[in-house]
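Worksheet: one structure, shown below.
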Amino acid sequence: MRMTNKRMLLLSSSVLTLAVTSVSAQERHAYFGQTHQHTSWSLDAYIIGNTVTGPAEAYQYSMGNVVKHPAGYDVQIKTPLDFQGVTDHSEYVGVIRLANDPTSSLSKLPIAEKLKVTKDNPAVKIFQWLAGSIASHKTIAELSDPKLSGTVWQENTAIADKYYKPGQFTTFCSYEWTSMPNSQNMHRNVFFKDCSKLPPSPFTAMDSDHPEDLWTWMDGQRKAGNEVLAISHNANLSNGIMFPIDVDSKGNPLDLAWAQQRMTNEPLNEIKQIKGVSETHPDLSPNDEFANYEIMNYLIGIDNSSSKLHGSYAREAYENGLAMQATRGYNPYKFGVVGGGDSHNTVTAYSQSNFFGAHGLVDATAKARLAGKVEAGMDILKTGTSGLTAVWAEENTRESIFSAMQRKEVYGTSGVRIQARMFGGWDFDKGLLSNEDWAKTAYASGVPMGGDLAPADDKVPSFVVNAVKDPADGNLDRIQIVKGWTKQGQVFEKIYDVAWSGARQPDPVTGRLPPVGSTVDIDKATYTNDIGSVELKAVWTDPEFDPGLHAFYYSRVLQIPTPRWSTYDAAKLGVLPPSNAPATVQERAWTTPIWYTPSPAAIAKAERGLTVDDLTKSGSTALTDDQLKQLAVGKIFKVRNTVTNETFDVLFGESGQRVVTKVNDAAPRADELLQAMHPSPSGSAAYEIKDGHIVTTIDGTAFELTVYTSGDKYIAARSNEFGFANYEVVSVAQ
Amino acid sequence: MRVLSIAPEDSPAAEREKSGDRWRLLREPLLHFLFVGAALFGGFHYLNPTPEGGADTKRIVLTKDDVRQLAISWLAQGRSAPTIEQVQGLVDQKVSQEILFREAVNLGLDRDDEVVKRRLAQKMDFLAADVAALQEPTSEQLETWFSRNAASFALPGHASFRHLYFSSDRHGRVTRDAALAALAIVGGKSPDDIVGAVGDPFMFKAHYGDATPEQTAKEFGPDFSRALFQLTPGTWHGPIQSGYGWHLVWIDAIDPGRVPTFSEVEPNVKARWIDEQYRQIKASALADMRAQYSITVPVIEASDLQGLQIPPGTSTEFEVSAQ
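Those protein sequence lines, which keep their order, are chains R and C.
Heads up, the first sequence is in the numbering used here, so the first residue is 6 and it goes up one at a time.
Heads up, the second sequence is in the numbering used here, so the first residue is 657 and it goes up one at a time.
Dropping the structure here:
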């Protein structure tokens with residue numbers, strides 16, 4: 006009764022402030038918000054010391070009010086946000102807070118004794134008990150009473166409705182589905198379009214920790230008229246299971262239906278948050294000089310652990326998605342990107358110069374943060390500021406922002422308010438950007454980020470990119486376009502600098518643009534905007550476009566170097582910045598890609614390539630283990646990659662190490678090794694021969710090489726090249 | 657159930673006017689609180705009469721050790737040592753909670769429904785909110801209340817302004833000089849009299865209508881916004897620095913913010929009024945119940961709180977997980 010009455014009042018009061026105007030795509034604005042926020046209602050947040058503030062305080066903070074950090078000091082955001090969804094863990098939401106709150110009913114339950122932090126029952130023990138129950142699906146009945154979880158969920162909704170001010174500040178009804186099989190992060194944040202048709206309680210990882218089951222539940226919600234979407238996060242900590250290419254989480258082969266269900270329910274991925282960046286890893290993208298940015302690699306809860314690289318990063322998923330589209334007819338990885346926080350403090354730090362940690366009392370002071378502590382696998386020094394989600398929407402309302410998320414006209418930033426635009430099309434005028442109304446033209450004659458280039462024959466696509474700096478942060482260094490494509494099951498990427506500050510010229514030999522320089526005084530933790538640009542823009546035409554190949558293009562905007570939070574902390578304490586963390590950062594924005602799909606006519610004209618099917622149909626047979634051992638062990642293979650036409654000298658050592666000794670008859674470069682028979686930046690990896698394959702393990706992931714006889718030649722196929730046999734053995738030497 | 661038949665919302669307004677005294681009585685918040693409580697949960701009372709009503713049910717005794725325990729649990733939440741005032745607050749909270757708990761038990765709310773049984777104190781709060789929401793204030797009541805609390809409804813300032821932009825991308829270190837030079841040209845002229853383009857193309861808008869300080873801060877940076885809202889109409893101001901360079905600013909209209917009229921914000925006033933009723937009802941109901949108790953709490957002095965320690969291993973070690 007209470008809820009209903011309140012909501013009616015709130016609705017009537019919001020009518021006054023809601024000035025609904027009809028606006029078109031041309032007048033979309035960038036709105037900045039937080040899509041990943043924990044409060045004391047999350048079981049782990051409470052345990053690490055966030056015991057007082059809840060969703061209401063989270064919204065107050067984001068609207069610009071002063072709110073208390075869990076450690077008791079006041080914090081305030083530099084620039085208020087435009088929207089936010091609080092995403093507390095749905096599993097046992099609120100129960101620890103209530104058990105330790107002497108005014109709560111739950112604290113009177115016998116079970117509450119097990120949740121209270123005491124000498125014999127330290128916080129970590131409680132956490133392990135609850136987390137163990139989630140992981141083993143042994144639900145603790147007293148704590149999962151729908152009466153209890155339903156009440157907390159309703160309260161969460163009432164708070165979201167209370168703080169929703171259409172046109173000024175948008176809140177969402179949302180939560181985090183916390184699936185973590187064997188400590189491998191599969192978390193998703195679930196957002197509802199509106200709060201009026203919510204289920205009685207959310208679908209939790211205790212119901213199922215398989216994303217497929219979450220999607221099926223979401224399909225059901227949608228059928229009942231309740232629009233909902235999920236944002237996956239921390240792919241970087243998923244141990245390679247966030248973006249599979251062969252089987253789903255239940256071991257079933259991927260298929261069209263799986264891809265469609267994934268894309269329908271999960272259009273977005275969080276590319277950056279406090280626990281690292283999921284764009285790419287330096288070992289996956291050795292040619293990307295800016296890939297080594299806020300990298301974290303571990304399994305949550307496990308000290309000295311590492312997460313497999315393959316299957317854990319967005320760029321590789323985009324590339325594999327293209328290959329799946331080309332070879333199997335579906336692409337489950339056409340997702341958009343957003344930035345998030347995952348702060349467990351109710352309050353969130355976005356700015357390097359206003360950083361106050363994200364994990365309760367663990368990292369609440371500069372001293373604690375610089376102490377080099379590793380907590381449950383997490384190296385505090387490697388954690389960073391929150392990312393931001395930016396949406397191009399007509400107005401600041403749930404409907405408009407949710408629609409932008411669904412059509413993926415969104416991008417992520419590292420926490421700064423860079424305004425980034427990108428459009429793709431076939432007929433953009435080179436002088437387009439000199440026109441004040443250029444965005445209108447771009448919308449009218451192209452597609453924005455998140456879109457697909459319309460089919461066109463005999464044309465080359467161009468892209469309009471534009472970026473305006475955060476008025477309260479550093480100037481801009483450059484805009485890059487990251488292109489990925491696939492050919493005969495192999496995937497490729499290339500990064501183009503397309504707009505930059507100053508009079509720099511790309512190096513004529515390497516093609517690389519010189520660094521922008523730095524104004525950072527590391528001892529004082531200061532910088533100036535004497536370098537870099539306020540605004541960058543360009544119309545860029547792909548100089549290497551091949552109409553027969555699937556491709557994606559996204560842009561990345563880099564700021565000039567500014568001091569990292571750890572450098573600000575060190576200056577505050579009067580100590581040297583930690584040597585095992587970068588002293589400066591180049592903050593950035595990543596747009597959602599624009600995709601190109603070749604027409605059937607263009608595909609028909611393209612080179613077809615040789616597949617394993619072709620080989621077996623023509624009578625080729627795969628070598629057995631004994632044949633492989635005889636052929637390979639102790640020998641140097643000269644192999645030609647028939648897609649790139651590069652040759653590799655590969656030594657399969659007697660000791661079980663495989664080394665790439667030469668590429669194109671010269672010492673190999675790291676980026677060349679990516680296209681070698683097995684990727685590994687070091688060129689060396691362990692291998693063994695079993696089950697008819699040479700199995701090489703790279704960064705924890707096993708790749709199989711199968712060698713076929715074809716006439717008097719040997720042809721090899723790699724297990725992650727989608728059925729193609731791309732390697733011709735040119736010669737074998739002792 | 658008989659209580660509901662004469663509840664305010666069920667009665668026509670005319671009857672309300674006639675039966676003055678009775679209604680005045682019924683508008684007493686405490687009565688509402690108890691009536692609704694009885695209406696919602698009274699059934700339990702009849703079915704489960706209170707078994708015992710010993711003398712001790714109206715006595716609440718806290719010892720110094722109890723108080724120290726409260727202070728220790730405060731410490732164990734990772735806060736710094738509580739002040740005397742804070743401890744008094746904790747004691748007060750503890751006493752209130754105990755009273756609400758016992759009152760609820762007396763009403764029989766602790767039976768049958770396990771969840772209700774264990775959420776008594778909170779349920780009593782909810783009841784107060786229900787009572788507050790049941791009341792239908794008149795416009796006069798709201799207006800009177802608004803006149804006392806108008807300042808808290810203050811609307812943010814607004815500025816309608818035009819600006820000439822001088823881009824640091826184009827002028828580098830002499831951007832401010834470029835703006836100053838332009839000021840010499842446009843100074844004394846109204847924006848409509850300026851011939852030809854002065855300044856550089858701006859990424860967003862050249863003219864802003866009715867922008868709030870927050871909107872201006874999001875668009876230009878917080879320093880620019882603060883400077884802008886100090887300006888007066890009718891002349892060119894500047895150069896003023898933003899996150900993008902320097903600007904000359906012409907204010908068409910500016911208001912520093914104002915208190916709205918009642919009619920503009922009536923729905924908000926009503927929501928706030930109900931919130932306040934809720935707090936008042938809760939406070940007066942509690943005060944009334946509290947009057948029936950004899951309460952003994954020790955005098956607390958600073959020395960009582962000396963040497964507080966969290967028992968070893970309680971909660972000083974925190975582990976981050978699940979994230």
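We put the CB at the ideal spot given by N, CA and C, even for glycine.
Backbone CA spacing between residue i and residue j [nearest angstrom]
i, j, result
"residue 451 of chain R", "residue 291 of chain R", "32 Å"
"residue 179 of chain R", "residue 613 of chain R", "46 Å"
"residue 229 of chain R", "residue 203 of chain R", "10 Å"
"residue 558 of chain R", "residue 429 of chain R", "9 Å"
"residue 439 of chain R", "residue 424 of chain R", "18 Å"
"residue 277 of chain R", "residue 896 of chain C", "35 Å"
"residue 371 of chain R", "residue 361 of chain R", "8 Å"
"residue 834 of chain C", "residue 892 of chain C", "15 Å"
"residue 298 of chain R", "residue 853 of chain C", "43 Å"
"residue 626 of chain R", "residue 715 of chain R", "8 Å"
"residue 261 of chain R", "residue 332 of chain R", "12 Å"
Residue-level contact to chain R via CB, residue i, 8 Å cutoff
i, result
"residue 690 of chain C", "Caution is warranted here: a pLDDT of 40 is assigned to residue 690 of chain C, below 50, making its placement in the model unreliable, and the coordinate value is therefore given only provisionally. No, no contact with chain R."
"residue 963 of chain C", "no"
"residue 701 of chain C", "Summary for residue 701 of chain C: the model assigns pLDDT 35, below 50, so the residue's position carries little reliability, and this model does not support an answer."
"residue 824 of chain C", "yes"
"residue 870 of chain C", "yes"
"residue 810 of chain C", "no"
"residue 864 of chain C", "no"
"residue 945 of chain C", "no"
"residue 895 of chain C", "no"
"residue 954 of chain C", "no"
"residue 735 of chain C", "yes"
Option in the options with minimal Cα separation from residue i
i, options, result
"residue 59 of chain R", "R:611, R:84 and R:94", "R:94"
"residue 912 of chain C", "C:923, C:881, C:900 and C:918", "C:881"
"residue 196 of chain R", "R:421, R:236 and R:161", "R:236"
"residue 347 of chain R", "R:36, R:44 and R:661", "R:44"
"residue 66 of chain R", "R:167, R:53, R:80 and R:192", "R:80"
"residue 655 of chain R", "R:649, R:648 and R:639", "R:639"
"residue 515 of chain R", "R:400, R:434, R:700 and R:500", "R:500"
Minimum Cβ-Cβ distance from residue i to chain C less than 8 Å
i, result
"residue 475 of chain R", "yes"
"residue 28 of chain R", "Residue placement at residue 28 of chain R is flagged as unreliable, the pLDDT there being 43, under the threshold of 50; a coordinate-derived value is accordingly withheld."
"residue 453 of chain R", "no"
"residue 345 of chain R", "no"
"residue 421 of chain R", "no"
"residue 539 of chain R", "yes"
"residue 522 of chain R", "no"
"residue 441 of chain R", "yes"
"residue 69 of chain R", "yes"
Burial state of residue i, where buried means 16 or more other Cβ atoms lie within 10 Å
i, result
"residue 569 of chain R", "buried"
"residue 926 of chain C", "buried"
"residue 671 of chain R", "exposed"
"residue 520 of chain R", "exposed"
"residue 546 of chain R", "exposed"
"residue 740 of chain C", "exposed"
"residue 941 of chain C", "buried"
"residue 467 of chain R", "buried"
"residue 189 of chain R", "buried"
"residue 591 of chain R", "buried"
"residue 709 of chain C", "Since pLDDT at residue 709 of chain C reaches only 41, below the 50 mark, its modelled position is unreliable, and no value is offered."
Contact test: residue i Cβ vs the ligand HEM heavy atom, cutoff 7 Å
i, result
"residue 846 of chain C", "This structure does not include the ligand HEM; it has no bound ligands of any sort."
Interface residues of chain B facing residue i [CB-CB closer than 7 Å]
i, result
"residue 873 of chain C", "Among the chains of the structure shown, chain B does not appear; the protein chains present are R and C."
Open item on the list: Threshold first: 3 residues or longer. Then list the beta strand (DSSP E) segments lying entirely within the segment 417-497 of chain R, N to C.
Closed with: 424-430, 467-473 and 481-492
Report the residue ranges of all beta strand (DSSP E) runs contained in full by the segment 847-887 of chain C; include only those spanning at least 3 residues, in chain order. 863-867
| task | Would you list, in sequence order, the uninterrupted beta strand (DSSP E) runs of no fewer than 3 residues that lie entirely inside the segment 616-704 of chain R? | result | Counting whole runs of 3 or more residues, the segment 616-704 of chain R contains the beta strand (DSSP E) stretches 641-646, 652-657, 662-668, 689-695 and 698-703.
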